[in-house]
Amino acid sequence: MDQNLAYLHEVLSNYVEENKAALDIDEKISHLDYSSEEEFVRGLNQEQVQMLSEILNKEMHYANESGDHERGYQLNEVYELLI
């Protein structure tokens, strides 16, 4: 699994119980073999892109505030493809 998608999978695990769209996205990451985050993002619908953008924005802020700059960087790589 692509490293950026591995970080994304980890982040989404915090949302899957309360958010069906997050669960759907997480299942895509887990069950489909994406060669890159670009390929993954192309497979998302508009609702998933919007929801994922909101989650990533929040999680990147949290990662940077807590000093986990590597995590923030990896999540930002996916975020930039969404916008």
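With the numbering used here, the residue at position 58 of the sequence shown is 241, and numbering never jumps. The C-beta atom is built at its ideal place from N, Cα and C for all residues, glycine as well.
In this structure, the straight-line span from the alpha carbon of L191 to that of L258 is close to 7 angstroms.
The C-alpha of D207 is placed about 10 angstroms away from the C-alpha of H214.
In this chain, D185 is not harboured by any alpha helix (DSSP H), its DSSP state being neither H nor E. Ranked by Cα distance from V261, the options R254, E230, E220 are led by E220. CA-CA distance, Q229 to N247, rounds to 27 angstroms. The residues M234, in chain order, have a CB closer than 8 angstroms to that of N202 in the same chain once the five nearest residues on each side in sequence are set aside.
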